[in-house]
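>
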Amino acid sequence: MKSICLILFFCACLSAETANELTGVDKNTYFELGSRLIDEDNYGARLLKEADKCCEEGIKFFKIRDYDRATSNWNQALKIKLDHELSSRYLDKLSELIANIDTYTKEGENAIQAGNFQDAVKAFTGVLTFNSQDPGAARHLKKIADSLPVDKKQEIIESCLPEADALFNSSGYDDAFKSLAKYITILFFDSGHAVALERIKILENRIVKILYEQEIKEYFEYAELKMTETRYEEAIFYFKKVLALDVENKGAREKSGEALRLLAGQKIEKLLTEIDGLDSLGLIARAMITAQKIFEIDPQSTRADEKIKTLAQKIERRPVQNGLYILSDNLALQAVKKNNTGLTDDALALLFYIEENFGFTEAATSCFYAILEKQNSPLLRLLQK
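Terminal number for the sequence shown in the working numbering: 388, no gaps in between.
1) Pairs of beta-carbons, one from the segment 114-125 and one from the segment 85-98, closer than 8 Å: are there three or more?
2) Determine whether the beta carbon atoms of Ala-179 and Ile-213 lie at a separation below 8 Å.
3) Expressed to the nearest angstrom, what Euclidean distance is found between the alpha-carbon atoms of Ile-101 and Glu-261?
4) Roughly how many angstroms lie between the CA atoms of Glu-309 and Tyr-225, to the nearest whole one?
5) Note down, in chain order, each residue of its chain lying with its Cβ closer than 8 Å to the Cβ of Tyr-235, except the 5 sequence neighbours on either side.
6) Once DSSP output is grouped into helix, strand and coil, what is the label at Ser-304?
7) Classify Gly-61 as buried or exposed, calling it buried when 16 or more other Cβ atoms lie within 10 Å of its own Cβ.
8) With distances taken from CA atoms, which of Leu-246, Lys-155, Pro-165 and Leu-81 is nearest Glu-216?
9) Just list the beta strand (DSSP E) runs in the segment 170-237, keeping only unbroken ones of 3 residues or longer that don't cross its boundaries, in chain order.
10) Does the count of Cβ pairs from the segment 127-137 and the segment 53-73 closer than 8 Å reach three?
11) Once the 5 residues before and after Lys-156 are set aside, which same chain residues still bring their CB inside 8 Å of it?
12) Going by DSSP in three states, Ile-292 sits in which element: helix, strand or coil?
13) According to DSSP, is Ala-391 part of a helix, a strand, or is it coil?
14) Answer with buried or exposed for Ser-283, where buried requires no fewer than 16 other C-beta atoms within 10 angstroms of its C-beta.
15) Nearest-angstrom Cα distance between Tyr-186 and Glu-53?
16) Please state the DSSP three-state secondary structure of Ser-135.
17) What's the gap between the Cα of Ser-174 and the Cα of Leu-190?
18) CB Ser-259 to CB Lys-243, shorter than 8 Å?
19) Of the choices Glu-299, Ile-203 and His-196, whose alpha-carbon is the least far from that of Ser-182?
20) By DSSP, does Gly-285 sit in helix, in strand, or in coil?
21) By a C-beta neighbour count over all protein chains shown, 10 Å radius and 16 as the cutoff for buried, is Asp-29 buried or exposed?
22) Pick helix, strand or coil for Val-153, following the three-state DSSP scheme.
23) With burial defined as no fewer than 16 other Cβ atoms inside 10 Å of the residue's Cβ, what is the status of Val-250: buried or exposed?
24) Please state whether DSSP places Arg-68 in a helix, a strand or coil.
25) Between which two residues does the alpha helix (DSSP H) holding Leu-97 run?
26) For Ile-300, which residues of its own chain have a beta-carbon under 7 Å away from its beta-carbon, when the five flanking residues on both sides are left out?
27) For Ile-253, name the three-state secondary structure that DSSP assigns.
28) What number of angstroms, rounded off, separates the C-alpha of Leu-170 from the C-alpha of Ile-160?
29) Assuming Thr-188 and Gly-139 form a contact by the criterion Cβ under 8 Å, report the distance between their Cβ atoms to the nearest whole angstrom.
30) Output needed for Phe-12: all residues of its chain with C-beta closer than 6 Å, excluding positions within five of it in sequence on either side, in chain order.
31) Against chain B, with Cβ distances strictly below 8 Å, would Ala-197 count as a contact?
32) Whose CA, out of Glu-110, Glu-112, Ser-75 and Thr-106, lies closest to the CA of Leu-94?
33) Taking only three categories from DSSP, how would you classify Leu-266?
34) Counting C-beta neighbours from all protein chains within 10 Å, is the total for Gly-280 16 or more, i.e. buried, or is it exposed?
35) From the DSSP output, in three-state form, read off Lys-317 for me.
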């Protein structure tokens with residue numbers, strides 16, 4: 004106990020300038036390094052959140068057929084997180100869609116050059132199936148309509164209407180878009196066509212529902228994929244998106260609960276592995292505080308309790324070697340008694356950084372104190388008890 008008091012007294016008497024002279028490193032550098040350690044723990048989660056936000060914006064633009072802005076958002080998501088799979092999947096889907104639009108557009112333009120207006124209309128109707136607001140298809144259809152006499156316009160309407168009606172009466176996902184495209188085509192040749200106008204409204208409402216169901220399906224399948232990859236945190240994130248769209252979705256609720264249980268087990272195993280690694284390096288104080296984190300996941304964890312008891316026994320048996328050992332051991336024992344670390348994340352990270360990179364030196368310890376004083380850290384009060 005006398006050794007602890009002497010070391011704490013010695014450290015408290017050192018000024019920030021003295022600490023800087025002893026270490027040769029400015030105290031702000033230590034603080035930045037310590038903060039960076041904490042930041043790195045959450046870095047992946049932050050990247051995923053930012054990428055997901057861009058991806059969602061892309062989906063919104065995709066729904067309203069603004070493909071340029073959809074592409075821009077998905078590309079931004081991939082810049083933030085290179086393996087953002089949902090953005091990649093949507094980009095693949097969009098690439099396929101654009102390829103189909105290009106194919107139909109070329110067919111239509113070739114048919115116009117050949118003077119085959121019926122085939123041209125079919126081709127541009129195909130474009131409208133993939134993008135009902137495609138400006139190129141609209142421009143070509145208007146030109147064709149303006150160039151044809153009334154009887155030829157009527158022929159085109161009569162050729163489109165039976166298939167449009169048959170598709171309208173189908174409940175298929177693709178059929179709704181095909182039917183809508185045909186009714187829109189009819190309006191280019193008769194802007195007041197009553198049946199087409201009425202059914203376009205019905206189909207637009209139907210497609211909104213289809214897209215809503217498709218979005219739920221997309222999120223659910225993606226969440227299940229994350230489950231198979233044992234990336235449970237991401238799976239939970241996407242199951243929550245399903246539930247945000249469909250609060251009664253029983254499958255998502257059950258799967259989310261399963262993912263939570265598996266995630267808890269995964270985190271505990273990761274912490275136990277980390278504890279064993281720290282213990283093997285002789286970093287018993289850090290191992291002890293890490294073991295305490297398991298109780299945040301499972302308050303009744305017998306494995307964490309056993310680890311802490313074993314580590315505490317090692318601390319009691321370990322001979323006093325120098326100031327930082329005493330400091331870290333004392334912190335660990337107090338943390339366990341209080342059932343929390345009693346430290347700010349930055350201060351704790353800083354202690355660990357000094358412990359691992361600068362050795363157990365009086366200079367490092369004094370620099371640690373100088374930084375705590377500068378940050379007005381509550382850790383100073385804890386150490387003085």
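For every residue, glycine included, the Cβ atom is placed at its ideal position computed from N, Cα and C.
So, from the data block:
1) Fewer than three pairs of CB atoms, one per stretch, sit closer than 8 Å, so the segment 114-125 makes no contact with the segment 85-98.
2) Closer than 8 Å, so yes.
3) Each residue's alpha carbon lies about 39 Å from the other.
4) Distance between the alpha carbons of Glu-309 and Tyr-225 is about 38 Å.
5) Excluding sequence neighbours, Tyr-235 sits near Lys-229, Ala-262, Leu-263, Leu-265, Leu-266 and Gln-269.
6) Here Ser-304 sits in coil by DSSP.
7) Counting Cβ neighbours within 10 Å, Gly-61 comes out buried, since at least 16 surround it.
8) Closest by alpha carbon: Leu-246.
9) The segment 170-237 contains no whole beta strand (DSSP E) run of 3 or more residues.
10) Taking 8 Å as the limit for Cβ pairs, the verdict is that the segment 53-73 does touch the segment 127-137.
11) Here the set comprises Ala-148, Phe-192 and Asp-193.
12) For Ile-292, the secondary structure class from DSSP, reduced to helix, strand or coil, is helix.
13) The requested residue 391 is not part of the displayed model; the chain covers only 4 to 388.
14) Classification for Ser-283: exposed.
15) Here the C-alpha atom of Tyr-186 lies approximately 40 Å from the C-alpha atom of Glu-53.
16) When DSSP states are grouped into helix, strand and coil, Ser-135 belongs to the coil group.
17) Approximately 23 Å between the Cα atoms of the pair.
18) Yes, the Cβ-Cβ distance between Ser-259 and Lys-243 is below 8 Å.
19) A check of alpha carbon separations from Ser-182 across Glu-299, Ile-203 and His-196 identifies Ile-203 as the nearest.
20) In the three-state reduction of the DSSP assignment, Gly-285 falls in the coil class, being assigned neither a helical nor a strand state.
21) With a pLDDT of 45 at Asp-29, under the threshold of 50, the modelled position of this residue cannot be trusted; read the value that follows with caution. Asp-29 sits exposed, since fewer than 16 C-beta atoms from the chains shown fall within 10 Å of its C-beta.
22) Helix, per DSSP.
23) Exposed, since its Cβ has fewer than 16 Cβ neighbours within 10 Å.
24) In this structure, Arg-68 counts as coil in the three-state DSSP scheme.
25) Annotation: the continuous alpha helix (DSSP H) that includes Leu-97 extends over 88-116.
26) The residues Ala-267, Lys-270 and Ile-271, in chain order, have a CB closer than 7 Å to that of Ile-300 in the same chain once the five nearest residues on each side in sequence are set aside.
27) Looking at the sequence itself, residue 253 is Lys, so the reference to Ile does not match. For Lys-253, the three-state secondary structure derived from DSSP is helix.
28) Straight across, the Cα-Cα distance linking Leu-170 with Ile-160 is about 15 Å.
29) Rounded to the nearest angstrom, the Cβ distance from Thr-188 to Gly-139 is 14 Å, too far for a contact under 8 Å.
30) Confidence in Phe-12 is poor, its pLDDT being 33 and thus under 50, which makes the residue's placement too unreliable to answer from.
31) Given the protein chain composition of this structure (a single chain), no chain B is represented.
32) With respect to the C-alpha of Leu-94, the residue from Glu-110, Glu-112, Ser-75 and Thr-106 having the closest C-alpha is Ser-75.
33) Three-state result, Leu-266: helix.
34) Exposed, since its Cβ has fewer than 16 Cβ neighbours within 10 Å.
35) In the three-state DSSP reduction, Lys-317 falls in the helix class (H, G or I).
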